[in-house]
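Numbering (my numbering), first residue to last: 4 to 84.
Positions of the beta carbon are idealized from the N, C-alpha and C atoms, including for glycine.
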């Protein structure tokens, strides 16, 4: 585990990360920070799987929606965010 508000060091890169029922506890700015930190821990071809209650519309600039709850980092962006 790690503090979601801090970019992970020594973790990853991961092929897949599951996130469920977490973002409901945070404001918009905190959600953006958390998702950017998670994306930084994904491989460029990795997957972020979220729960149905997690809305990631704010992350369209750095995540590609594959399916309703499945996302991938936009090409070559996972290390830059």
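Tell me the DSSP secondary structure of residue i in three-state form.
i: residue 61; result: helix
i: residue 1; result: Outside the displayed range of the chain (4 to 84) lies residue 1, so it cannot be described from this structure.
i: residue 107; result: No statement about residue 107 is possible, as the shown extent of the chain runs from 4 to 84 and does not include it.
i: residue 77; result: coil
i: residue 68; result: strand
i: residue 55; result: coil
Would you call the CB atoms of residue i and residue j closer than 9 Å?
i: residue 30; j: residue 54; result: no
i: residue 62; j: residue 18; result: no
i: residue 77; j: residue 64; result: yes
i: residue 73; j: residue 40; result: no
i: residue 52; j: residue 26; result: no
i: residue 13; j: residue 43; result: no
i: residue 50; j: residue 69; result: yes
Could you tell me which residues DSSP puts in a beta bridge with residue i?
i: residue 50; result: 19
i: residue 45; result: 17
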